[in-house]
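First comes the structure, then the notes that go with it.
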Amino acid sequence: MLVQLVPVNGGPPIILPKPMSIVGRGEHVDVAFNHKSVSKQHCILVCTDGLVLVRDLGSTNGTRVNGRRVRRGALLPNDQLAFANFKYVLRFSDIVDVAASEEFQPESQPD
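The sequence shown begins at 56 in the working numbering and counts up one residue at a time.
Here it is, written out as structure tokens:
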């Protein structure tokens, strides 16, 4: 099963590349955002059967689940996840549009 983060304002989804993915703007992250509002190591996402666990890594602008700032939390399909100003809806899928996900560039999204 693939876990996707679908941008709330439209655009191609982000596919979480590993069962445990670090999100941030640093060099050694799995999901990279080149934007000053995202911390170098912003949060970690852990995919398990039927849910995704999130843990904020001390980010400056916070991680939000369904609009509430969290240090850690659990997400189900269709929950909203936000890193600083980037908002997504969590989707689980067996099929994915790989071409669309490879074109995704988070830094090109508006604030």
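For every residue, glycine included, the Cβ atom is placed at its ideal position computed from N, Cα and C.
Considering Cα atoms alone, identify which of the options is closest to residue i.
{"i": "Ser148", "options": "Ile70, Pro62, Val63", "result": "Ile70"}
{"i": "Pro132", "options": "Val107, Asn140, Arg123, Val125", "result": "Val107"}
{"i": "Val58", "options": "Gly105, Asn89, Gly65, Ala139", "result": "Gly105"}
{"i": "Asp85", "options": "Met75, Gly113, Phe138, Ser94", "result": "Met75"}
{"i": "Ala129", "options": "Thr115, Lys142, Ile99, Ala139", "result": "Ile99"}
{"i": "Asp111", "options": "Leu136, Arg146, Leu60", "result": "Leu136"}
I need the straight-line Cα distance from residue i to residue j, nearest angstrom please.
{"i": "Val101", "j": "Val120", "result": "14 Å"}
{"i": "Gly117", "j": "Glu82", "result": "20 Å"}
{"i": "Phe159", "j": "Ala87", "result": "With a pLDDT of 47 at Phe159, under the threshold of 50, the predicted position of this residue should be treated as unreliable, though the coordinate-derived value follows. Using only the alpha carbons, I get a separation of about 11 Å."}
{"i": "Ser156", "j": "Ser94", "result": "A caution first: Ser156 carries a pLDDT of 49, below 50, which makes its placement in the model unreliable, though a value can still be read off. About 22 Å."}
{"i": "Ile77", "j": "Val109", "result": "10 Å"}
{"i": "Pro62", "j": "Val144", "result": "6 Å"}
{"i": "Asn64", "j": "Gln96", "result": "24 Å"}
{"i": "Ala139", "j": "Arg126", "result": "13 Å"}
{"i": "Gly113", "j": "Thr103", "result": "23 Å"}
{"i": "Asn89", "j": "Arg146", "result": "23 Å"}
{"i": "Lys142", "j": "Gly66", "result": "11 Å"}
Output the boundary residues of the beta strand (DSSP E) element that contains residue i.
{"i": "Arg80", "result": "Here Arg80 belongs to no beta strand (DSSP E), and DSSP marks it neither H nor E."}
{"i": "Gln135", "result": "135-138"}
{"i": "Gly128", "result": "127-130"}
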